[in-house]
Amino acid sequence: MTAHHRFVPAPAGVGLRLPHLAEVVATRPAVGWFEIHPENFLAIPHARELLIALAGDYPISVHSVGVSIGSAGGIDRAHLKRVRDLINAVDPFLVSGHLAWSTHDGEYLNDLLPLPYDQETLRIVAAHVDEVQQGLGRQYLVENPSSYIGIATSTMNEVEFLSELVRRTGCKLLCDVSNVYLSGHNLGYDPHAYLDAMPADAIGELHLGGFLSEEDDANAGQQMLIDTHAQRIAEPAWDLYAYALRRFGPKPTLIEWDNDLPSVATLLAEAEHADAIAGAVFEPERHRAAG
Amino acid sequence: MPLAKFQAQVRGAIIDGTVAPLALILTGGVKSLERFAIHQRHYEASLLRALVEKFPAVVWLAGSPFVAAAARAFIRQHPPSAPCIAEYGETFPAYLGGRAEAQDIPWLRWVGELEWRLGHVSLALEHLPLPVAALAGIAPERLADRALALQPGLHYLAAPWPVDELLKLFLSDSAPESYALDPEDIFLEVRGARGAFSMARLNAATFTFRRSLAQGLSVASAAEQALDVDPAFDAGHGLVQLIAAGLATAIGVADKDTQQ
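In order, the protein sequence lines correspond to chains L and B. In case it helps, the working numbering puts the first sequence at residues 170 to 460. In case it helps, the working numbering puts the second sequence at residues 1443 to 1702.
Pasting the structure below:
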């Protein structure tokens, strides 16, 4: 495994989805970097061609939604090879995926499904992260999931699981701040305590995505949060982002928006807002250091 | 519980709706199975959207409720096998055509087959075409054993209905008040690249020759197939026409050991 970190972009990046691809290629907007889901590009040679051209002008992060490191049945090696070929073509500065599973017995369930956090799962996920890092020739960043349910057979909490995964595999973590807020709300834990417990040295990237509040069918009269990636970042998530920056230091930060896509300008405005928050968090520190 | 068993139960709950085994495993809220329904809804909604978006002409012709009902059943019976959802749905037209509700509209399956191919070729790239002069460097007795690599954005479809006419109506947004569609065997060449596509009817022998080459057969074998369809087929002329149209990108031996 080799380090491929060309550089870490300071401004926030945005998710590049296919409906925006032609506009981005034509207008080359001012944005720090783009993150792509390789699964959107692997089967579309024309899109892949445009992406490779963009990779000459922008740092690219590759964020897989289909590698399924949590599948008990193993990694889909054919898919991993396709991802590797794309990675070799665009030379991303980050490669990441989810602490989740989506494939079972040859069927792809098109979702990021929850895992029980126990020793067996840890052994399986660690072996798969090793395989992914070996197969891709890159360090892998593992993202904390958005959760609606817990699993009664878990013997450790999510942060303990992720921390041990880092220790066993040398992977890094992608901290999705919105997921921390959302899961904390849905499962009843303190998102600040979650961030406090994360291994700060392992955090390589931050994500922010919009979520939806709707009535909780499991708890009459209460609201639950759904990770839709279909609206602006909510104010409490921005607040938690500032907290995460103070805890982890400056990190590449991504605005995720996957459904009901807005204009590119709206995405860029969200990225500028993230930059403004980072500026407000770190400028006083810089002034103090300079003084 | 072993992880594999847990995942089999989750899979059963999402695809088959068998949630009872999860009742004692899930936590979160007073009724955690209600929350699990988020994953069930996501599976169906995301794949339904992906399928329907690939067949707008089918939806235009048969109506959204009809296609959505078929798509929901397809999603349960034929889950994706890989994470690239752009590749999901190739068998949906045949599935649609096999449903009892579609028996009165037997052409619908073929609209879907054509639409799938149009969508597929429009995402492809076009490679540098092989010049006709490339044939001059090959001795005639050696040419018969050679195979051609064709443009990636190329598909051949034989259909028992003139569904290309229906697609043209859909694409031109010019639906007449009524339209008579009679059975007719058509042989289509669908070509595309970088967002554009076209379709053209071929005669049966030319279609067979080109489709056989696209399947990797040698020039001689493809010619034999075409001659079975039409004893008057001129393979030499057919080969020059194909190359002149820019459809071939390389010529090599029939065992796929192609070389430029």
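Every residue, glycine too, gets a C-beta built ideally from N, C-alpha and C.
Whose C-beta lies closer than 6 Å to the C-beta of B:Trp-1502 among residues of the same chain, with five residues either side of it excluded? Translated into the one-based positions of the second sequence, residue 1502 of chain B becomes position 60. When the five nearest sequence neighbours on each side are left out, the beta carbons in the same chain lying within less than 6 Å of the beta carbon of B:Trp-1502 are those of Phe-1612, in order along the chain.
By the DSSP assignment, the alpha helix (DSSP H) with L:Asn-348 in it spans what residues? The residue you call residue 348 of chain L lines up with position 179 of the first sequence. Looking at the DSSP string, the run of the alpha helix (DSSP H) that includes L:Asn-348 is 346-356.
Would you identify the three-state DSSP class for B:Glu-1532, choosing helix, strand or coil? Residue mapping note: residue 1532 of chain B aligns to position 90 of the second sequence, counting from 1. In the three-state scheme derived from DSSP, where H, G and I count as helix and E and B as strand, B:Glu-1532 is classed as coil.
Beta bridge counterpart(s) of B:Ala-1690 as assigned by DSSP: Within the second sequence, numbered from 1, the residue matching residue 1690 of chain B stands at position 248. Partner(s): B:Leu-1592.
DSSP bridge partner residues for B:Ala-1600 (one or two, in chain order): Along the second sequence, read from residue 1 onward, the residue named residue 1600 of chain B stands at position 158. B:Phe-1629, per the DSSP bridge assignment.
Indicate whether at least one CB of chain B lies closer than 7 Å to the CB of L:Ser-265. Position 96 of the first sequence, counted from the first residue, corresponds to residue 265 of chain L. So, not an interface residue.
Short of 7 Å in beta carbon distance, which residues of its chain neighbour L:Gly-319, apart from the five on each side in sequence? Order them along the chain. Your numbering for residue 319 of chain L matches position 150 in the first sequence. Leu-356, listed in sequence order.
Touch check for the segment 356-368 of chain L and the segment 382-398 of chain L: three-plus C-beta pairs under 8 Å? no
Short CB-CB distance (under 7 Å) between B:Ser-1620 and chain L: Here the question's residue 1620 of chain B lines up with position 178 in the second sequence. No, B:Ser-1620 lies away from the interface with chain L (no Cβ there is under 7 Å from its Cβ).
C-alpha gap between L:Ser-230 and B:Ala-1536, whole angstroms: To locate residue 230 of chain L, count along the first sequence from 1; it is residue 61. To locate residue 1536 of chain B, count along the second sequence from 1; it is residue 94. Cα to Cα, the separation comes out at about 38 Å.
Consult DSSP for L:Ala-434 and reduce its assignment to one of helix, strand or coil. As a working note, residue 434 of chain L is residue 265 in the first sequence. Looking at L:Ala-434 - three-state DSSP - the assignment turns out to be helix.
Flag this pair as touching only if the segment 1590-1609 of chain B and the segment 1567-1576 of chain B have three or more C-beta atom pairs under 8 Å; answer yes or no. Three or more beta-carbon pairs separated by less than 8 Å link the segment 1590-1609 of chain B to the segment 1567-1576 of chain B, which places the two stretches in contact.
How many angstroms separate the CA atom of L:Asp-260 from the CA atom of L:Pro-405? Numbered from 1 along the first sequence, position 91 holds the residue referred to as residue 260 of chain L. Numbered from 1 along the first sequence, position 236 holds the residue referred to as residue 405 of chain L. One C-alpha to the other measures close to 34 Å.
For chain L, is any of its Cβ atoms less than 7 Å away from the one on B:Ile-1467? Locating residue 1467 of chain B in the second sequence gives position 25, counting from the first residue. Cβ-Cβ to chain L under 7 Å: yes for B:Ile-1467.
L:Pro-453 - DSSP class collapsed to helix/strand/coil: By one-based count along the first sequence, residue 453 of chain L stands at place 284. Residue state, collapsed to three classes: helix.
Checking 7 Å against the spacing of the C-beta atoms, do B:Ala-1647 and B:Ala-1668 come in under that value? Walking along the second sequence from the start, residue 1647 of chain B turns up at place 205. Walking along the second sequence from the start, residue 1668 of chain B turns up at place 226. Yes, Cβ-Cβ distance for B:Ala-1647 and B:Ala-1668 is below 7 Å.
Hey, out of L:Gly-266, L:Arg-253 and L:Gly-239, whose CA is closest to L:Ser-274's CA? Locating residue 274 of chain L in the first sequence gives position 105, counting from the first residue. The amino acid occupying residue 274 of chain L in the given sequence is Asp; Ser does not appear at that position. For the residues L:Gly-266, L:Arg-253 and L:Gly-239, the minimum Cα distance to L:Asp-274 belongs to L:Gly-239.
Residues bridged to L:His-277 (per DSSP): Here the question's residue 277 of chain L lines up with position 108 in the first sequence. In the sequence as displayed, the identity of residue 277 of chain L is Tyr instead of His. Partner(s): L:Thr-272.
Using three-state DSSP, classify L:Gly-304 as helix, strand or coil. One-based indexing of the first sequence puts residue 304 of chain L at position 135. The answer is helix: DSSP assigns L:Gly-304 an H, G or I state.
Please tell me whether L:Ala-181 has its Cβ less than 7 Å away from any Cβ of chain B. By 1-based counting over the first sequence, the position of residue 181 of chain L is 12. With 7 Å as the cut-off, L:Ala-181 does not count as an interface residue toward chain B.
Helix, strand or coil for B:Leu-1445? Go by DSSP, reduced to three states. In the second sequence, counting from the first residue as 1, residue 1445 of chain B sits at position 3. Helix at B:Leu-1445.
Since L:Thr-488 and L:Gln-288 are thought to touch, with beta carbons under 8 Å apart, how far apart are those beta carbons, to the nearest angstrom? A question about residue 488 of chain L goes unanswered here, because the residues of chain L that appear run from 170 up to 460.
Note down, in chain order, every chain B residue with its Cβ under 9 Å from the Cβ of L:Trp-463. Given a span of 170 to 460 for chain L in the structure shown, any question on residue 463 of chain L remains unanswerable.
Could you tell me whether the Cβ of L:Phe-176 comes closer than 7 Å to any Cβ of chain B? Residue numbering aside, residue 176 of chain L sits at position 7 when the first sequence is read from its first letter. The pLDDT assigned to L:Phe-176 is 45, lower than 50, so where the model puts this residue is not dependable; a value taken from the coordinates is nonetheless given after this. For L:Phe-176, the answer is no, since every Cβ of chain B falls outside 7 Å of its Cβ.
Do L:His-206 and L:Val-236 have their beta-carbon atoms positioned less than 7 Å apart in this structure? Within the first sequence, numbered from 1, the residue matching residue 236 of chain L stands at position 67. Within the first sequence, numbered from 1, the residue matching residue 206 of chain L stands at position 37. Going by C-beta atoms, L:Val-236 is not nearer than 7 Å to L:His-206.
Environment of B:Val-1605 [buried if 16+ CB atoms lie within 10 Å]: Within the second sequence, numbered from 1, the residue matching residue 1605 of chain B stands at position 163. Per the 10 Å Cβ criterion, buried.
From this set, L:Ala-269, L:Ile-213, L:Ala-434 and L:Leu-211, which residue's C-alpha is nearest L:Pro-314's C-alpha? Along the first sequence, read from residue 1 onward, the residue named residue 314 of chain L stands at position 145. L:Pro-314 has its Cα closest to that of L:Ala-269, out of L:Ala-269, L:Ile-213, L:Ala-434 and L:Leu-211.
With distances taken Cα to Cα, identify the nearest neighbour of L:Thr-338 among L:Ser-347, L:Ser-352, L:Val-328 and L:Tyr-309. Here the question's residue 338 of chain L lines up with position 169 in the first sequence. Taking only the C-alpha atoms, the option nearest L:Thr-338 is L:Tyr-309.
Check whether chain L comes within 7 Å of B:Ser-1488, counting only Cβ atoms and requiring the distance to be less than that. Taking the first residue of the second sequence as position 1, residue 1488 of chain B is located at position 46. Closer than 7 Å: yes.
For chain A, find out if any of its Cβ atoms is closer than 7 Å to the Cβ of L:Thr-322; answer yes or no. In the structure shown, chain A cannot be found, because the protein chains are L and B.
What is the DSSP secondary structure of L:Ser-230, reduced to helix, strand or coil? Within the first sequence, the letter at position 61 stands for residue 230 of chain L. Note: L:Ser-230 maps to strand in three-state DSSP.
Please state if the CB of L:Leu-436 and the CB of L:Val-252 are separated by a distance shorter than 7 Å. Counted from its first residue, the first sequence places residue 252 of chain L at position 83. Counted from its first residue, the first sequence places residue 436 of chain L at position 267. L:Val-252 places its beta carbon 7 Å or farther from that of L:Leu-436.
If the cut is a Cβ gap below 9 Å, which residues of chain L does B:Gly-1637 touch? Translated into positions along the second sequence, residue 1637 of chain B becomes position 195. B:Gly-1637 reaches chain L at Ala-191 and His-215, counting residues in chain order whose Cβ is nearer than 9 Å.
Strictly below 8 Å CB to CB, what residues from chain B border L:Thr-290? Translated into the one-based positions of the first sequence, residue 290 of chain L becomes position 121. In chain order: Leu-1445.
Do you know how far the Cα of B:Glu-1486 is from the Cα of L:His-248? Counting from one through the first sequence, the residue named residue 248 of chain L turns up at place 79. Counting from one through the second sequence, the residue named residue 1486 of chain B turns up at place 44. Between L:His-248 and B:Glu-1486, the C-alpha separation is close to 23 Å.
Specify the secondary structure class of L:Gly-111 as computed by DSSP and reduced to three states. Because chain L in this structure spans residues 170 to 460, residue 111 of chain L falls outside the shown range and cannot be described.
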